[in-house]
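Novice: Take a look at this one; I'll ask things after.
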Amino acid sequence: MIKSRPSKYILLISVLIILLIFVSIVSLCVGSAQINFSNIFDILFYQHNTWQYSVLTEIRLPRIVLGFAVGGSLGLAGALLQGVFRNPLVEPYTLGISGGASLGVSLVIVLQLTSIFGLFVLPLAGFIGAIITMFFVYFLSAKKGVLKINSLLLTGVMISFISSSLVMLIMSIAKPEALHSIIFWVMGSLAQPNNNLILIALIVSLIGLIISYFFCIRLNGLALGEDEARNLGINTASTRKWVFLIASLLTGLSVSVAGVIGFVGLVVPHMIRIYTGPDHRILLLASFLTGAVFLIISDTIARVIISPIELPVGVITGIIGGIIFVYALNRKQMRL
Amino acid sequence: MLSVMDINNLFAGYGNKNILKDINISINNGDILGIIGPNGSGKTTLLKTACGIIKPTAGEVVIESKNLYSLSVKEIARKVAVVTQSIEPVMITVLEYVVMGRMPYYKKFQFFESKEDYRLAEKFMQLTDTLRIKDQYMSEISGGERQLAQVARALVQQPLILLLDEPTSHLDITHQIKILDLIRRLNKELNLTVVMVLHDLNLAAEYCTKLTMLKDGKIHLTDTPDQVLTYKTIEDVYDTIVIVEKNPLSGKPFIIPVTEENKQLTKS
Chain E
1 MIKSRPSKYI LLISVLIILL IFVSIVSLCV GSAQINFSNI FDILFYQHNT WQYSVLTEIR
61 LPRIVLGFAV GGSLGLAGAL LQGVFRNPLV EPYTLGISGG ASLGVSLVIV LQLTSIFGLF
121 VLPLAGFIGA IITMFFVYFL SAKKGVLKIN SLLLTGVMIS FISSSLVMLI MSIAKPEALH
181 SIIFWVMGSL AQPNNNLILI ALIVSLIGLI ISYFFCIRLN GLALGEDEAR NLGINTASTR
241 KWVFLIASLL TGLSVSVAGV IGFVGLVVPH MIRIYTGPDH RILLLASFLT GAVFLIISDT
301 IARVIISPIE LPVGVITGII GGIIFVYALN RKQMRL
Chain G
1001 MLSVMDINNL FAGYGNKNIL KDINISINNG DILGIIGPNG SGKTTLLKTA CGIIKPTAGE
1061 VVIESKNLYS LSVKEIARKV AVVTQSIEPV MITVLEYVVM GRMPYYKKFQ FFESKEDYRL
1121 AEKFMQLTDT LRIKDQYMSE ISGGERQLAQ VARALVQQPL ILLLDEPTSH LDITHQIKIL
1181 DLIRRLNKEL NLTVVMVLHD LNLAAEYCTK LTMLKDGKIH LTDTPDQVLT YKTIEDVYDT
1241 IVIVEKNPLS GKPFIIPVTE ENKQLTKS
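Okay, here's the thing in structure tokens:
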């Protein structure tokens, strides 16, 4: 067993980065259009006018970049939320944030606001929906500035339920063409056609990662409990607020560009914690990288499993994640 | 005598309800002050107010001639260390936990502990007899060991004053004596000022240099153990009949409970 913490952490991060590169290359190679691995570099650097080059840079590469940004954001948001609420079941999905976002998007689609404001209004609506739900959940479960974790989870689950019912209501009265867009959103997909949005998602996710590191020591203190953290000189109320805000922004962003992709934020930090313990100095970065790897793998599976038909990636993460969720529920060591 | 902490005309509680009313205590350098009183008399509230977790509605706590509530949470943590009744059983090693006591001293962008932090942690773990379990997880050690690790963590904060909330509850007699012996040894060797909430009056009599007895959120009496622990005050505050004898070894008061069946015998 490796004793020293820094060397253990460097090892983990190195393994994750190698894995990320490997998974990205595999994802680049597979798809309905057969492109051989041995030709990839040749195509990427020398054959700019071939159709293979277009497939790689215009279809597969943006998806991988988006998978990195969204998977990373969701993994990080999950690690932040679980850390700050000291509960392994908290994540953007269980807190109802994803539900709020899909409600916002469904409303925009069915009201045909895109024809007035342009396509950009879709991610904006998802983002606003996520943020509104977050504040709603936060203030409903905060009593005099103190968040009660049980009421937070219950409020989240209920809001999630209400918004999914409303989405179904909208779907049942929507026109067939609107229905398709809504389903795309509710199930989550990395097929985002707008490259500018992908770039924004990438930048914001990396900024979120950097900012969250200002809170890693305080999150470590919070793991010991509210009073214990206060006694170690941690301003718990302000830490809660800021971390909740960062997680909301990351989730809102992810949902707005890729729709609802459940369980990444739940499963990833949980698996990492088994190896690292509740040390957020490593947990945050490792969750980000693992989230990215997990989502790129899931998206690759979604693309090729019944090729040429493409499954929504949320279906794959939901199945894998749901199984691990049940496993986590039954684990003895439920507490962080 | 040098005063370490002064609590002046303090009113505090939860929400708008005051639990503590007009509390005045002066804690001197080298004191072991015991806070005793019946359940619900405000002992833990007093401790939480003295470490800044609860803000008072009136009055002040003065430490090093500064008002405690004008200090940041971090500054308070460098002056006041607290051992709570229980902590979350987290999956971190005892050494990792103890070294977290250095958090109040971290610089703004410091992510890792320094060598000096580890040196201090090991020094105090030696003193508290926790060095031998340094690689075990906090979630897997016994309650008594966890309490000792908490004391080590508190010492690593290098505080002016150490507060303990019922350090002996949930512990068997071996660990009760072990932890209180340790507190007294730290008090003598490091000249550490200690305030602790205690339920057990005999342990309070034995280990504290001064006792504050609370009743309904007010101070009934603050004095040496033999002045505070008389059958009269105990009957007044706890509404219970006891016999107070002298401990043959220490000469400190020793309280013997009187059961209902034996009440007749005390009259004669």
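Chains as they are written, first to last, in the numbering used here: chain E, 1 to 336; chain G, 1001 to 1268. A virtual CB, placed ideally from N, CA and C, is assigned to each residue, including glycine. Remember, it's a predicted structure, so these values are computed and weren't measured experimentally.
#1: Counting only C-beta atoms, is PHE1124 of chain G closer than 7 Å to chain E at any point?
#2: Using a Cβ-Cβ cut-off of 7 Å (strictly less than) and excluding sequence neighbours within five positions of CYS1208 of chain G, which residues of its own chain qualify?
#3: Looking at the unbroken alpha helix (DSSP H) that takes in PHE1011 of chain G, where does it start and where does it end?
#4: Are the segment 212-222 of chain E and the segment 269-288 of chain E touching, with three or more C-beta to C-beta distances below 8 Å?
#5: Hey, could you find the ends of the beta strand (DSSP E) PRO1253 of chain G is sitting in?
#6: Rank E:HIS48, E:MET134, E:VAL267 and E:THR114 by C-alpha distance to the C-alpha of ILE320 of chain E and give the top, closest one.
#7: Measure the C-alpha to C-alpha separation of ILE59 of chain E and LEU111 of chain E and round it to an integer number of angstroms.
#8: Within 7 Å (strictly less), CB to CB, does VAL1073 of chain G reach chain E?
#9: At least one CB of chain G closer than 7 Å to the CB of ALA229 of chain E: is that the case?
#10: What distance in whole Å lies between the Cβ atoms of LEU152 of chain E and LEU89 of chain E, which are believed to be in contact at a cut-off of 8 Å?
#11: Residues of chain E with CB under 8 Å from ILE1054 of chain G, in chain order?
#12: Excluding the five sequence neighbours on either side, which residues of its own chain have a C-beta within less than 8 Å of the C-beta of LEU209 of chain E, listed in chain order?
#13: Please decide whether ALA1103 of chain G counts as near chain E, where near means a Cβ-Cβ distance under 7 Å.
#14: Between which two residues does the beta strand (DSSP E) containing ILE1053 of chain G stretch?
#15: Please identify the residue among G:VAL1061, G:LYS1134 and G:LYS1074 whose C-alpha is closest to the C-alpha of TYR1097 of chain G.
#16: If distances are taken between C-alpha atoms only, which option among G:GLU1140, G:VAL1099, G:THR1084 and G:PHE1111 comes closest to GLU1122 of chain G?
#17: Could you spell out the range, first to last residue, of the alpha helix (DSSP H) harbouring PHE21 of chain E?
#18: Would LEU1192 of chain G and LEU1186 of chain G be called neighbours here (beta carbons separated by less than 7 Å)?
#19: Against chain G, with Cβ distances strictly below 7 Å, would PRO269 of chain E count as a contact?
#20: Could you give the distance in angstroms between the alpha-carbon of SER66 of chain E and the alpha-carbon of LEU199 of chain E?
#21: Closest by CA to PRO62 of chain E, which one among E:THR133, E:GLY259 and E:ALA201?
#22: Give a yes or no on whether 7 Å exceeds the smallest Cβ distance from GLU1113 of chain G to chain E.
#23: Less than 7 Å between the C-beta atoms of VAL1061 of chain G and ALA1050 of chain G, yes or no?
#24: What are the boundary residues of the alpha helix (DSSP H) that includes VAL264 of chain E?
#25: Please confirm if LEU89 of chain E has its CB atom under 7 Å from at least one CB of chain G.
#26: When burial is assigned at 16 or more other CB atoms within 10 Å of the CB, is LYS332 of chain E buried or exposed?
#27: For ILE2 of chain E and chain G, any beta-carbon pair shorter than 7 Å?
#28: Among the candidates E:LEU11, E:SER248 and E:GLY99, whose CA atom is the shortest distance from the CA of TRP185 of chain E?
#29: Using the three-state DSSP reduction, which class does ILE1130 of chain G fall into: helix, strand or coil?
#30: Flag ALA79 of chain E as yes if its beta-carbon sits less than 7 Å from any beta-carbon of chain G, otherwise no.
#31: Please decide whether ASN235 of chain E counts as near chain G, where near means a Cβ-Cβ distance under 7 Å.
#32: With burial defined as no fewer than 16 other Cβ atoms inside 10 Å of the residue's Cβ, what is the status of GLY277 of chain E: buried or exposed?
#33: Exposed or buried, which one is MET168 of chain E when buried takes at least 16 other CB atoms within 10 Å?
#34: Going by beta carbon distance, what residues of the same chain come within less than 8 Å of ASP1200 of chain G, once the five residues before and after it are set aside?
#35: Which residues of the segment 1191-1203 of chain G have a Cβ closer than 8 Å to any Cβ of chain E? Give them in chain order.
#36: Please check if any C-beta of chain E sits within less than 7 Å of the C-beta of GLU1064 of chain G.
Specialist: In brief:
#1: no
#2: ILE1032, LEU1033, GLY1034 and PRO1225
#3: Segment 1003-1014 is the beta strand (DSSP E) holding PHE1011 of chain G; no alpha helix (DSSP H) there.
#4: Yes: the two stretches touch, three or more of their Cβ pairs being nearer than 8 Å.
#5: 1253-1257
#6: E:VAL267
#7: 30 Å
#8: So, interface residue.
#9: Using beta-carbon distances, ALA229 of chain E does not count as an interface residue toward chain G, since no partner is under 7 Å.
#10: About 10 Å separates the two Cβ atoms, so there is no contact after all.
#11: Chain E residues near ILE1054 of chain G: none, gap ~10 Å exceeds 8 Å.
#12: GLY72, LEU76, LEU284, LEU285 and PHE288
#13: In the sequence under discussion, the amino acid at residue 1103 of chain G is Met, which differs from the Ala named in the question. Yes, because at least one Cβ of chain E sits closer than 7 Å to the Cβ of MET1103 of chain G.
#14: Where ILE1053 of chain G is concerned, there is no enclosing beta strand (DSSP E), given that its DSSP letter is neither H nor E.
#15: G:LYS1134
#16: G:VAL1099
#17: The residue asked about is misnamed: residue 21 of chain E is Ile in this sequence, not Phe. For ILE21 of chain E, the enclosing alpha helix (DSSP H) begins and ends at 5-29.
#18: In contact: LEU1192 of chain G and LEU1186 of chain G (Cβ atoms closer than 7 Å).
#19: no
#20: Looking at the sequence shown, residue 66 of chain E is not Ser but Leu. If you draw a straight line from the Cα of LEU66 of chain E to the Cα of LEU199 of chain E, it is about 8 Å long.
#21: E:ALA201
#22: no
#23: yes
#24: Residues 264-276.
#25: no
#26: Note on LYS332 of chain E: pLDDT 48, under 50, position unreliable in the model; no value is reported.
#27: With a pLDDT of only 38 at ILE2 of chain E, under the threshold of 50, the placement of this residue in the model should not be trusted; the figure read from the coordinates follows. No, because no Cβ of chain G sits closer than 7 Å to the Cβ of ILE2 of chain E.
#28: Minimum Cα distance to TRP185 of chain E is reached at E:GLY99.
#29: At residue 1130 of chain G the sequence reads Thr, which differs from the Ile that was named. THR1130 of chain G falls in the coil class under three-state DSSP.
#30: Residue contact with chain G for ALA79 of chain E: absent (no Cβ-Cβ distance below 7 Å to any residue of chain G).
#31: Yes - at least one Cβ of chain G is within 7 Å of the one on ASN235 of chain E.
#32: buried
#33: exposed
#34: THR1168 and GLN1176
#35: Within the segment 1191-1203 of chain G, no residue has its Cβ closer than 8 Å to any Cβ of chain E.
#36: No Cβ of chain E is located within less than 7 Å of the beta carbon of GLU1064 of chain G.
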